[in-house]
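Structure, as structure tokens:
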Amino acid sequence: MDPTAATEVNPSKMSMDEVLAGTRSSAKGWVGCLKHYRSVSNAPFVVRRSKIEDAMRLWCLATLDAFPQTTTEASEKAMWDNSFSDEHLRQLILKETPNFKVAARDHLGTHTAKVPNPIVSGPGGLIRNEEIFGEAARLPFVSSASINVRQRMGAAGNAAQGRAQRFLCGRFLIDGEAVDASRNISEKGVVYEAMVAIGFDRLEVEDISNILAARMSQPESGEPGQFAKGLIWPVDEGDVVITPVHPYAMHVELAARIKDRVAKGKRISNTHVVVGGSKPQNAGLVNSDMGGRHRLLHSFPPKVASRGSRSLFRMLATGKIPFGRVGKGHPAVADFRDVANKLDWVNESARQRLDRCIGVLVSIVISPYVEVADAWASEGRDRRVLAGLPEGARRLISDGFDGLRDCREEFMDELVGHVAVLPHGVAFDQAMNRRAVIVAESIVSRIFKG
14 MDPTAATEVN PSKMSMDEVL AGTRSSAKGW VGCLKHYRSV SNAPFVVRRS
64 KIEDAMRLWC LATLDAFPQT TTEASEKAMW DNSFSDEHLR QLILKETPNF
114 KVAARDHLGT HTAKVPNPIV SGPGGLIRNE EIFGEAARLP FVSSASINVR
164 QRMGAAGNAA QGRAQRFLCG RFLIDGEAVD ASRNISEKGV VYEAMVAIGF
214 DRLEVEDISN ILAARMSQPE SGEPGQFAKG LIWPVDEGDV VITPVHPYAM
264 HVELAARIKD RVAKGKRISN THVVVGGSKP QNAGLVNSDM GGRHRLLHSF
314 PPKVASRGSR SLFRMLATGK IPFGRVGKGH PAVADFRDVA NKLDWVNESA
364 RQRLDRCIGV LVSIVISPYV EVADAWASEG RDRRVLAGLP EGARRLISDG
414 FDGLRDCREE FMDELVGHVA VLPHGVAFDQ AMNRRAVIVA ESIVSRIFKG
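To convert, count from 1 in the sequence shown and add 13; that's this note's numbering.
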């Protein structure tokens, strides 16, 4: 390989000092080289101990310098010129040193390179497999397991600390040994000494080291820090906060693969969320890199309980049981619409088909009550559990259809009213409503025999 040919420089297979040497002879490709090292998804970075100062200089330029939104020949030339200016590097270091202390104290953490959720203060559910974490921690790559997960660390807050966060969450392969920047600085190792050698004030670096050392000495805690990232995932019983969330590299790779496959004409079932609005940099490092647009595959969280148990939990939390919902694309909705729009009330066969269609909708709409009733029965039939429910719902669950008594008409009207507003586009007149009540009573009495 000719290291002077910018198009042939491969930062993933060459050491940082080799890349630095290979791109110094030309401005072309220099910004792309820096961007490569700016992305934690490319870690660990190969470093020779004998060239640690050159490598750290490149790391500073990659993580602390500003990058133009659109790279032009002029901007590339300017960044190339700045890269050999000791004064430019000194100014970068001087400006960012206070942010190093803030990031080390409050923001550096396991989830530095994750999608943030700024309202998360703690997990509602913590998913962590020790076996998987143990295996991941032995690998040289950056992951939630590669940083000291014992600490109550987190990363979020002001975008001003984003560059310092990138620097401190770096990982290097120094002569074959995996080294975390933050831990090495806390231990006053080779990264610490290289920072001083390239222009950081020794007293300032010592302060940063002491802050990190204090963080590293904290006792074991399963709680994420105040600024930790979390993924809020809605489930039947409410929102669950899952942490740690997926790695930065996985997030970037998913977006790249979806883009590639869509470009090839393939259909990928996915959706997206936009975080940060017009200032995505204020919502974290990944958010800034992704322009605030995050691709998500359609999926479901892991099941931790039966559907009935989750329905019962939700009922206890909210004091009500919602009727089941049916989307406009559901076959039962389409069948009902077709039959109702062609209905001949005189034709007995047509009325029977209508009853069957209404029956399917009623069965779906009443299903949450069935789930709660089954879960309540399996957990001991304690009537106190149902105390917060409306009277009709409480009687139906505890005593069955016959137990509704004077609440029957009100409950059936509510049930049929929900069926009537499903997205089938059929207007319920008196005749249709009366037919639906008859069918609903038949189905509910059969399901809830008491």
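By construction, the Cβ of each residue, glycine as well, lies at the ideal position given by its N, Cα and C atoms. These figures come from a predicted structure and were not determined experimentally.
Euclidean distance between Cα positions of residue i and residue j
i, j, result
"residue 357", "residue 363", "6 Å"
"residue 383", "residue 371", "18 Å"
"residue 453", "residue 289", "47 Å"
"residue 409", "residue 442", "27 Å"
"residue 354", "residue 447", "17 Å"
"residue 177", "residue 111", "9 Å"
"residue 75", "residue 307", "24 Å"
"residue 459", "residue 283", "40 Å"
"residue 205", "residue 47", "21 Å"
"residue 57", "residue 207", "18 Å"
"residue 183", "residue 59", "12 Å"
"residue 316", "residue 428", "With a pLDDT of only 48 at residue 316, under 50, the local geometry of the prediction cannot be trusted, and the value read off the model is given with reservation. About 29 Å."
"residue 424", "residue 287", "41 Å"
"residue 400", "residue 422", "21 Å"
"residue 285", "residue 412", "45 Å"
"residue 131", "residue 305", "Only weak support is given to the placement of residue 131: the predicted model assigns it a pLDDT of 37, under 50, and the question is left unresolved by the model."
"residue 359", "residue 439", "19 Å"
"residue 180", "residue 72", "7 Å"
Where the beta strand (DSSP E) through residue i begins and ends
i, result
"residue 184", "184-187"
"residue 191", "190-193"
"residue 58", "58-60"
Endpoints, the alpha helix (DSSP H) within which residue i is located
i, result
"residue 283", "No alpha helix (DSSP H) contains residue 283, which is instead part of the beta strand (DSSP E) from 283-287."
"residue 373", "361-391"
"residue 76", "65-77"
"residue 451", "443-460"
"residue 106", "99-115"
"residue 181", "175-181"
"residue 216", "215-229"
"residue 44", "43-51"
"residue 88", "86-95"
"residue 350", "344-354"
"residue 409", "404-412"
"residue 207", "203-210"
"residue 430", "421-433"
Sequence-distant residues of its chain with Cβ nearer than 8 Å to residue i (five each side left out)
i, result
"residue 303", "264, 265, 268, 293"
"residue 418", "408"
Sequence-distant residues of the same chain with beta carbon closer than 6 Å to residue i, five excluded per side
i, result
"residue 380", "337"
"residue 106", "212, 213"
"residue 378", "336, 337, 431, 432"
"residue 437", "346, 349, 350"
Residue(s) in a DSSP beta bridge with residue i
i, result
"residue 307", "286"
7 Å CB neighbourhood of residue i in its chain, flanking five on each side removed
i, result
"residue 203", "62, 65, 187, 197"
"residue 161", "Any reading at residue 161 needs caution, since the residue's pLDDT is 49, under 50, leaving its predicted position unreliable; the model's value is listed next. These residues qualify, in order along the chain: 196, 229."
"residue 376", "456"
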